[in-house]
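Below is one structure, written out as structure tokens; the observations come after it.
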Amino acid sequence: MNNKNSLLVELFVEELPPKALKKLGEAFAGVLRDQLVAQGLAEAGSVLTPYASPRRLAAHLTHVAERAADKAVSQKLMPVAVGLDASGQPTPALLKRLAALGADASAVPGLKRAMDGKAEALFYESIAKGATLAEGLQKALAEAIAKLPIPKVMSYQLESGCELPGWSSVSFVRPAHGLVALHGDTVVPIEALGLKAGRETHGHRFEAAVDPVVLRDANSYALQLQDDGAVIASFEARRAEIARQLAAAAVTVGGGSVPIHDDALLDEVTALVERPNVLVCSFEREFLEVPQECLILTMKANQKYFPLLDAQAKLTNKFLVVSNITPDDASAVIQGNERVVRPRLADAKFFFDQDRKKSLASRVESLGKVVYHNKLGTQGERVQRVMHIARGIAEKLGDATLAAQATQAAQLAKADLVTDMVGEFPELQGTMGRYYALHDGLDAAVADAIEDHYKPRFAGDELPRNSVGLVVALADKLETLVGMFGIGNLPTGDRDPFALRRHALGVIRMLIEKDLALGLDALLQDAAAQFGAIDGFDSSKATVELRDFILDRLAGSLREQGASAQEVDAVLAPLPQRLGEVPKLLAAVRAFAALPAAAALAAANKRIGNILKKAPEADAHVSELLLQEPAEKALHAAMAQVVPAANAQFDAGDYTGSLQTLAALREPVDAFFTDVMVNAEQADLRLNRLGLLMSLHSAMNRVAQLERLAV
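Just so we're on the same page, my numbering is the position in the sequence shown counted from 1, plus 2.
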């Protein structure tokens, strides 16, 4: 009888790296499951439950068999012509191959013949014994350990259970001290990392009711750890419990308080505790004079605390701590955390006070001593380039006030990089610049632009809040893109250290979502002109290659939003200059593609394009006197009616209407290709017909290259 019980595998280890724990737990359980399914020991529908706590990685899998089912195996041996001689007797080559498989000449009559490509081949059919659970799990566990996404491997010596105690070493993310493998209530005899599987594990370091925790069976794992070991083994369950306790603690504080929302912080704290206990702590109100971004960052990054915000999203002087212990009297834990956070907040206040003693403008000169890139110079030189690019963009938009403000904001945008606060917390660059600009009495639009010029920082991030910020953000990203492309520092594969893909998407979003009247080529050329003094700067890479890179990012973004590859190609193939027009062009193409006439017109357009490629002597001139066939006269007459109307709609920005008007040409175009010989022997007739097609091709491709829609 092949029992299908649940399987539990646990590696008990020293504290795992918290930022990697979630991925480690998912990978460990996932590979175990996949390997067991591949070996026929688990069903495809077996339910997997991963477990991961600071000191354990585990997996629970339902419906796991003691032994996999036997399988029929068909192995190709060799072509019949090679395996059998003229009299049908086995050749030495065939006998040798059979011997390697544990068979002899007696197996020859039972060999199967079947076509393999163009030749007939011999196949040996046998029954492969299914793997036992011990064999299969041993292999699966080795694979799961080998494939763990370990940030940094540790090597350590084994003290027992190895050939040379104290000398033999193994490698793992952290030293492992226990291995559990239970199939139902039976221990599976496997080994890993110098450990033999058993049924004993350990709970909380300080609060376990029993040590060791002796597991009854695979299904009792989570409950026994919780009851006897004071550990919530499931990462997701522990995370949910922390979130619940955070919300409940915020309610006790009152005033509409809520803990700050930060999924990454919640994941990290979940990886630091085995049984969470949320406590409310506080700090002196005087620290609230410091910008809340500074206080929030120091509490989250350095202490893993959850700051509390009031109903207006303003920081309060309360914060929440997720403790790993639950003492009867928590006052000592609370006071300890309050004592620890106080110096951090005092440092932030000191930095803020010191930084405000110097204006942002006075710091600009110091940027000349900060290296930006060894080929592109200092941050000071970079600021000069961004200033010129920003002024040029603002002038193109026709606003002298905007040009002055954008130039000032661009000059000061990087000045906070040399402040004490940003030196301690680089994540606050831009944010602190805004605070210091306001302290210096600068216009709010300029101060906001200093903070916003980094936006959008990530996918889905908001764009700068005003026109000044938009211009400076666009200039800053263009300077980075043009500079890096110009020196050949391009992203490759997964490597993109200067976030050029993100910068390109940022440029695309600003140009499109704000519908800026700016040509892409002109922007790139103006930016490239600022790098004339850089040795080895390649203007072609900084303009042509970069333009293609940006359009490629745009194409990918449009496809992700639901447009087909053909529709995107049709819109982008003419290399649109004003990217703000692209959404309207794409909408027009998608509406056209849905029309009954679309497929025929797209195919005709492709055909016309191919004809014109072979006729370089053609021009768009058409003489009515040379129109002979009824079909070409009808097409010319239809175009005289339709094309002016379509052009007027195009010029008015009604791209959808323009294409739908052109759809009326389907029947005369079809008739033309059915009844008219384009390449007539008479030269003047041929050129006149080519001219007619050229006029048609030009009219049909103003919105997009419709031939790209042809299947």
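The beta carbon of each residue, even a glycine, is placed where N, CA and C say it ideally should be.
Using a Cβ distance threshold of 8 Å, determine whether the stretch 4-17 contacts the stretch 45-60, with at least three qualifying pairs required. yes
Would you call the CB atoms of V292 and A350 closer than 8 Å? yes
Boundaries (first-last residue) of the beta strand (DSSP E) holding L297: Per DSSP, L297 belongs to no beta strand (DSSP E); it is in the alpha helix (DSSP H), 294-305.
Among the candidates L100, V110, E122, A220, whose CA atom is the shortest distance from the CA of S8? A220
For T203, tell me which candidate among I192, A183, P191 has the shortest Cα-Cα distance. A183
Please classify M117 as buried or exposed, where buried requires at least 16 other C-beta atoms within 10 Å of its C-beta. exposed
Measure from the alpha carbon of R246 to the alpha carbon of each residue in P94, H263, L698, A232, then state which is nearest. H263
Using only the alpha-carbon positions, how far apart do G231 and A239 sit? 16 Å
Residue from S660, K198, S171 whose Cα sits closest to the Cα of N649: S660
Which of helix, strand or coil DSSP assigns to A121: strand
Secondary structure, beta strand (DSSP E): runs of 3+ residues fully inside the stretch 177-237: 178-185
Pair every Cβ in the stretch 570-588 with every Cβ in the stretch 511-519, then say whether three or more of these pairs are closer than 8 Å. yes
Name the DSSP beta bridge partners of M156, please? F174
Taking K635 as the reference, give the member of V678, N326, G338 with the closest Cα. V678
Anyone know if the C-beta pair for A640 and P670 falls short of 8 Å? yes
Enumerate in chain order the residues of its own chain whose CB-to-CB distance from V75 is below 6 Å, with the five nearest sequence positions on each side excluded. S128, A130
Who does Y126 pair with in a DSSP beta bridge? Q77
So, does the stretch 78-87 touch the stretch 145-154, judging by three or more C-beta pairs under 8 Å? no
Please list the segments of the beta strand (DSSP E) lying wholly inside the stretch 404-478, counting only runs of 3 or more residues, in order along the chain. none
Just how far apart, CA to CA, sit K377 and H505? 20 Å
Ordered along the chain, which non-local residues of its own chain (more than five positions away) have a Cβ less than 6 Å from that of E16? R176, P177
First through last residue of the beta strand (DSSP E) which encompasses S8: 6-15
Taking only three categories from DSSP, how would you classify N326? coil
Cβ contact check for the stretch 544-564 and the stretch 683-703: 3 or more pairs under 8 Å: no
Hey, out of A101, D496, P329, whose CA is closest to E209's CA? P329
How do the stretch 409-420 and the stretch 451-466 stand: do at least 3 beta-carbon pairs fall below 8 Å, yes or no? yes
Go through its chain and collect everything with a Cβ distance to Q651's Cβ below 8 Å, but skip five positions before and after it. Y657, G659, S660, T663
What is the residue span of the alpha helix (DSSP H) that P576 lies within? Note, P576: premise wrong, no alpha helix (DSSP H); not H, not E.
Note down, in chain order, each residue of its chain lying with its Cβ closer than 8 Å to the Cβ of L103, except the 5 sequence neighbours on either side. Q77, Y126, S128
Which residue wins for smallest C-alpha separation from L708, given the options F674, V573, N612? V573
Does the Cβ of Q337 have 16 or more other Cβ atoms within 10 Å, making it buried, or fewer, making it exposed? exposed
Keeping to the same chain, check which residues put their C-beta closer than 7 Å to that of A396; ignore five residues upstream and five downstream. L404, A405, A408, V473
Below 8 Å between beta carbons: does that hold for A46 and V39? yes
Does the beta-carbon of H185 have 16 or more other beta-carbons within 10 angstroms, so that it is buried, or is it exposed? buried
Write down every uninterrupted run of the alpha helix (DSSP H) in the stretch 364-406 whose length is 4 residues or greater and which is fully enclosed by it, in chain order. 381-398
Give the DSSP bridge partners of S55, in chain order. R58
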